[in-house]
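Report on one structure; see the data block that follows.
There are 2 protein chains.
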Amino acid sequence: MSSAYTESLNRLIEEFGKLPGVGPKTAERLAFHVLKAEQSEAMALAEAIKDVKIKIKRCRTCYNFSEEPICSICSDPRRDKSLICIVEQPKDVIALEKTGACKWVYHVLGGHLAPLEGIEPENLTIDKLVERVRNGDVKEVIMATNPNMAGDGTSLYISSLIKSTGVKITRLARGLPAGSTIEYASGKILTDAINGRQELD
Amino acid sequence: MSSAYTESLNRLIEEFGKLPGVGPKTAERLAFHVLKAEQSEAMALAEAIKDVKIKIKRCRTCYNFSEEPICSICSDPRRDKSLICIVEQPKDVIALEKTGACKWVYHVLGGHLAPLEGIEPENLTIDKLVERVRNGDVKEVIMATNPNMAGDGTSLYISSLIKSTGVKITRLARGLPAGSTIEYASGKILTDAINGRQELD
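Residue numbers (our numbering), protein chains in the order written: chain A, 121 to 321; chain B, 121 to 321.
The following block contains the structure:
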């Protein structure tokens, strides 16, 4: 950080530099853009940043981002509240919603179990989920955690907690990603595809 | 091609250059390697190339590569010959066999239907497959063509031909590739994963 800059400029560069994927050079460029920009533009950016932090909270039901106490998905009467899709992060909700195939509601865990990194069940919203399943009229819980070790482990742990309620527990299909080729698929992917093969209609 | 080289060297460079991924410079380097190599090494390479062309034929049953009239998979008594897995290319057999999960036999189509490129059903081994299904004691045909438009089209065409025999027709599962993340999965992949979700046990 060059000390030829004023203190406030240095601080802005430093703050921009904390953003993911923003290195010192990019941070400097962003900071200079702000410096040269119209007052209104710079203020709008600052306000937008503040607003996000102030207004966006967690939905009290599903723990997705929401500006209201209950998010727009949980309060949508057309959604089937007896189907709960479990995801790790709010970004996963966005990815799934883009398909237009989802009539369900969500439960956002806030990550996956990672005991070695200190992420235990109590650091996620697992207890709230168990409560939802026990209290609500839930028919099916769809596990949509990431298809890797951490996601699978988290799903299995949750499954062990709610199995006794008799709720149907499913998970998103594993198999060949559409548009790929058999030749370059990994052994794990092919094994999933073989074991999960379904009747062609 | 420099004309300073002798005719035979030029021809070798040209031939190496026809290999996939081998540009003129690489072809030249390979050719010079051969030129400088021990006589025995060069001859061994030449023989190996010839051998492959002379010895490797197509299995009379499944059309996979084979040095015998019937390939090692088709002649393996431990294989369940009532399950036929349909693949486009011999490379797909190798990929599937690596999983160790396959107890079936194969049918290698030799590609996929592509009418615009002039690849019609008669250019593949589809008629031989229909014959196998009609004559043999086949219980299930597993479609393992590539999970893309060409592969799916080929599978559907074959399915339409053999459906009347009453044989069970399945295809490899579509869904999330193991080890990936929900966030970066395409809409098509997620839709497959949602529609094909299966009970978690």
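Glycine is no exception: its CB is placed at the ideal position from the N, C-alpha and C atoms. Predicted, not measured: the structure shown is a model, and the values here were computed from it.
Rounded to whole angstroms, I193 (chain A) and W224 (chain B) show a C-alpha spacing of 46 Å.
By the Cβ criterion, the stretch 297 to 307 of chain A is in contact with the stretch 292 to 311 of chain B, since at least three pairs of Cβ atoms, one from each stretch, lie closer than 8 Å.
In the DSSP annotation of this structure, the continuous segment of the beta strand (DSSP E) that includes L203 (chain B) starts and ends at 200 to 207. With the criterion set as a beta carbon lying under 7 Å from some beta carbon of chain A, the members of the stretch 259 to 270 of chain B are I262, M263, A264, N266, P267, N268, in sequence order. Residues of the stretch 286 to 307 of chain A with a Cβ closer than 9 Å to any Cβ of chain B, in chain order: K288, I289, T290, R291, L292, A293, R294, G295, L296, P297, A298, G299, S300, T301, I302, E303, Y304, A305, S306, G307. S202 (chain A) has its alpha-carbon roughly 32 Å from the corresponding atom of K173 (chain A). With a contact defined as Cβ atoms closer than 8 Å, L281 (chain B) and V250 (chain B) qualify at about 5 Å. When secondary structure is reduced to three states using DSSP, Y226 (chain A) falls in the strand class. Contiguous alpha helix (DSSP H) elements confined to the stretch 230 to 301 of chain B occur at 246 to 255, 269 to 282, taking only those with 4 or more residues. No Cβ of chain B is located within less than 8 Å of the beta carbon of S284 (chain A). DSSP, reduced to helix, strand and coil, places K308 (chain A) within a helical segment of the structure shown. Two segments are said to touch when three or more pairs of C-beta atoms, one from each, lie closer than 8 Å; by this definition the stretch 217 to 233 of chain B touches the stretch 263 to 273 of chain B.
Along the stretch 224 to 237 of chain A, none of the residues has a CB nearer than 7 Å to a CB of chain B. At a Cβ-Cβ threshold of 8 Å, T245 (chain B) and V228 (chain B) count as neighbours. Within the model, the alpha-carbon separation for D212 (chain A) versus S279 (chain A) is close to 19 Å.
For the stretch 194 to 219 of chain B, the residues whose beta carbon sits under 9 Å from a beta carbon of chain A are, in order, C205, V207, E208, Q209, K211, D212, I214, A215, L216, K218, T219.
Between N315 (chain B) and the set A:R291, A:N255, A:S306, A:A270, the nearest pair of CA atoms involves A:R291.
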